[in-house]
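Student: Residue numbers (mature numbering (1 follows the signal peptide of the UniProt record, and there is no 0)): -25 to -1, 1 to 302.
Every residue gets a Cβ at the ideal spot worked out from N, C-alpha and C, and that includes glycine.
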Amino acid sequence: MVKYLFYSKLYLILLFTIGSFSADAQTSTRVNARLDQVSMPLGDQTTLHLSITFPAKDSVRLPVLKDSIGKVQIVSMKADTSFAKDDISTETIAQHITVTSFEPGTYTIPAFTFHTKAGEFNTKELTLQVLPVQVDTSKAFYDIKQPLSLKYTFLDWLRDNWYWVALPLFLIILIFFLYRYFKNRPRKQVQQEEVKVPVLPEHELALNKLEDLRNKKLWQQDQVKLYHSELTDIVREYLEKRFRIKAMEQTSEEIFRSLRHSGLEDTDRDKLRQILTLADLVKFAKEKPLPAENESSMDTAIMFVTSTQKKASEPENKEGDRKNGLS
């Protein structure tokens, strides 16, 4: 009997504890629903506020809303969360729903259900009145006005797009003035001193080339043909400059015919013939002159150039130039 009474008391204590906890949870969770305006004109908007305050440790599932509540249409929705200033264990979630309606009448906003661990909590029903547009029937009806036609002139376009005209015009003016500036600005006269290269007389040029040829020592290296070829080229070039004949293009006999009226001394003519004849034998007859003959040709060429060089007082032989076909 005693054992039975003990278990009965224990059962009552547990039942009381559970009931107290459930009641406390029910008491700490609150829901609310309200409208900013309970009455609004047709086509106007108002905001429906839904909120739940509950212990922060619990979880909440918010009501699921569609695009409309009957004939009341939902325009937009947003939600926010906040905590109590003096108790962060209490959390509040609020939904702000913008609604409108285009049909006059009185509409009932139904209760919305919040789902929590402690149970389901329903908001109260609300009433929204949509007022019709008041029409003054005492006034006459007017026809619908036709759309107005506006004239869009060039000045209107210029006023709207002036920068597209001003910018290219500015660039054109800037380029024009830069062009005029650089064209008309005074230029510094840079006086360049002409470096005058002294022109050597033809006999000095020939003697220098002959000396260079001698220093090459071609015939000593068995390049006899090349030696006599370069030797005669130097002499022929000297003849062209000295006596104004086309010696580089002429044969040996043609050179002597061109020198008929040049006033060339017989001894100098013999020297020239000796040089050209030996060179022709080497180039065309493949003759191999003795070393003394090779050296003698060089000495003879130097003596010929030295003997026939132009004197300082000697005038230009213009008549001889015309006879030889040179200008």
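Would Glu78 and Val108 be called neighbours here (beta carbons separated by less than 8 Å)?
Tutor: Within the sequence shown, residue 78 is the residue found at index 103, counting from 1. Within the sequence shown, residue 108 is the residue found at index 133, counting from 1. No.
Student: How close, in whole Å, do the beta carbons of Leu37 and Ile68 come, if the pair is a contact with beta carbons under 8 Å?
Tutor: Position 62 of the sequence shown, counted from the first residue, corresponds to residue 37. Position 93 of the sequence shown, counted from the first residue, corresponds to residue 68. 7 Å between Cβ atoms; contact.
Student: Quick check: what's the CA-CA separation for Tyr213 versus Gln249?
Tutor: Residue mapping note: residue 213 aligns to position 238 of the sequence shown, counting from 1. Residue mapping note: residue 249 aligns to position 274 of the sequence shown, counting from 1. In a straight line, the C-alpha of Tyr213 is about 16 Å away from that of Gln249.
Student: May I ask you to list the residues that DSSP assigns as paired with Ile84?
Tutor: Taking the sequence shown and counting its residues from 1, one reaches residue 84 at position 109. In the DSSP output, where bridge partners are listed per residue, Ile84 has Leu101.
Student: Please name the residue, chosen from Lys60, Thr28, Arg217, Val47, that lies closest to Val74 on a Cα-to-Cα basis.
Tutor: Taking the sequence shown and counting its residues from 1, one reaches residue 74 at position 99. Ranking the options by Cα distance to Val74, first place goes to Val47.
Student: Could you check whether Ser237 and Gln225 sit closer than 8 Å to each other, using their CB atoms as the reference points?
Tutor: The count along the sequence shown starts at 1 and reaches residue 225 at position 250. The count along the sequence shown starts at 1 and reaches residue 237 at position 262. Contact: no.
Student: Would you report the Cα separation of Leu206 and Phe218, rounded to the nearest angstrom?
Tutor: Position 231 of the sequence shown, counted from the first residue, corresponds to residue 206. Position 243 of the sequence shown, counted from the first residue, corresponds to residue 218. Distance between the alpha carbons of Leu206 and Phe218 is about 18 Å.
Student: Would you identify the three-state DSSP class for Glu66, choosing helix, strand or coil?
Tutor: Taking the first residue of the sequence shown as 1, we reach residue 66 at position 91. In this structure, Glu66 counts as strand in the three-state DSSP scheme.
Student: Ala59: which of Thr28, Ile84, Ser34 sits nearest, CA to CA?
Tutor: For the purposes of this step, residue 59 is identified with residue 84 of the sequence shown, where counting begins at 1. Out of Thr28, Ile84, Ser34, Thr28 has the C-alpha closest to the C-alpha of Ala59.
Student: For Phe96 versus Thr4, is the C-beta distance shorter than 8 Å?
Tutor: Here residue 96 refers to the residue found at position 121 of the sequence shown. Here residue 4 refers to the residue found at position 29 of the sequence shown. Going by C-beta atoms, Phe96 is nearer than 8 Å to Thr4.
Student: For Ala(-1), which residues of its own chain have a beta-carbon under 6 Å away from its beta-carbon, when the five flanking residues on both sides are left out?
Tutor: Translated into the one-based positions of the sequence shown, residue -1 becomes position 25. Because Ala(-1) sits at a pLDDT of 46, beneath the cut-off of 50, its placement in the model cannot be relied upon, and the following sentence gives the value as read from the coordinates. Same-chain partners within the cutoff: Ala93.
Student: Is the beta carbon of Val13 less than 8 Å from the beta carbon of Thr98?
Tutor: One-based indexing of the sequence shown puts residue 13 at position 38. One-based indexing of the sequence shown puts residue 98 at position 123. In this structure, Thr98 does not lie closer than 8 Å to Val13 by Cβ.
Student: Between Lys286 and His203, how many whole angstroms is the CB-CB distance? I'm expecting something under 8 Å.
Tutor: Taking the first residue of the sequence shown as position 1, residue 286 is located at position 311. Taking the first residue of the sequence shown as position 1, residue 203 is located at position 228. Wrong, their Cβ atoms sit about 30 Å apart, outside the cutoff.
Student: Kindly indicate which three-state DSSP category Asn7 falls into: helix, strand or coil?
Tutor: Counting from 1 along the sequence shown, the entry for residue 7 is found at position 32. In this structure, Asn7 counts as strand in the three-state DSSP scheme.
Student: Are the CB atoms of Glu229 and Met223 nearer to each other than 8 Å?
Tutor: Residue numbering aside, residue 229 sits at position 254 when the sequence shown is read from its first letter. Residue numbering aside, residue 223 sits at position 248 when the sequence shown is read from its first letter. In this structure, Met223 does not lie closer than 8 Å to Glu229 by Cβ.
Student: Which stretch, first to last residue, makes up the alpha helix (DSSP H) that contains Phe129?
Tutor: Here residue 129 refers to the residue found at position 154 of the sequence shown. Residues 129 to 135.
Student: Compare the Cα-Cα distances from Thr22 to each of Asn190, Leu10, Ala181, Leu193 and report the closest residue.
Tutor: Residue 22 sits at position 47 when you count from the first residue of the sequence shown. Among Asn190, Leu10, Ala181, Leu193, the Cα nearest to that of Thr22 belongs to Leu10.
Student: Would you grab the beta carbon distance between Thr281 and Lys246 for me? Rounded to a whole angstrom, and I think it's under 8 Å.
Tutor: On the sequence shown, position 306 is the one that residue 281 refers to. On the sequence shown, position 271 is the one that residue 246 refers to. In fact, because the Cβ distance is near 10 Å, the residues do not count as touching under 8 Å.
Student: Report all residues from its chain with a CB closer than 8 Å to the CB of Ile49; omit the five preceding and five following residues, and keep chain order.
Tutor: Translated into the one-based positions of the sequence shown, residue 49 becomes position 74. For Ile49, where only same-chain residues beyond five positions count, the Cβ hits under 8 Å are Leu40, Lys41, Asp42, Ser43, Ile72, Thr73, Val74.
Student: Residue range of the alpha helix (DSSP H) that Lys258 falls in?
Tutor: Against the sequence shown, residue 258 aligns to sequence position 283. 241 to 259 is the extent of the alpha helix (DSSP H) around Lys258.
Student: According to the Cβ coordinates, are Glu268 and Leu253 closer than 8 Å?
Tutor: For the purposes of this step, residue 268 is taken as the residue at position 293 of the sequence shown. For the purposes of this step, residue 253 is taken as the residue at position 278 of the sequence shown. Yes, these two residues count as a Cβ contact at 8 Å.
Student: Note down the Cα distance separating Thr283 from Ser272, rounded to an integer number of angstroms.
Tutor: Position 308 of the sequence shown, counted from the first residue, corresponds to residue 283. Position 297 of the sequence shown, counted from the first residue, corresponds to residue 272. About 16 Å.
Student: Span of the beta strand (DSSP E) holding Leu180?
Tutor: On the sequence shown, position 205 is the one that residue 180 refers to. Premise fails: Leu180 lies in the alpha helix (DSSP H), 177 to 191, not in any beta strand (DSSP E).
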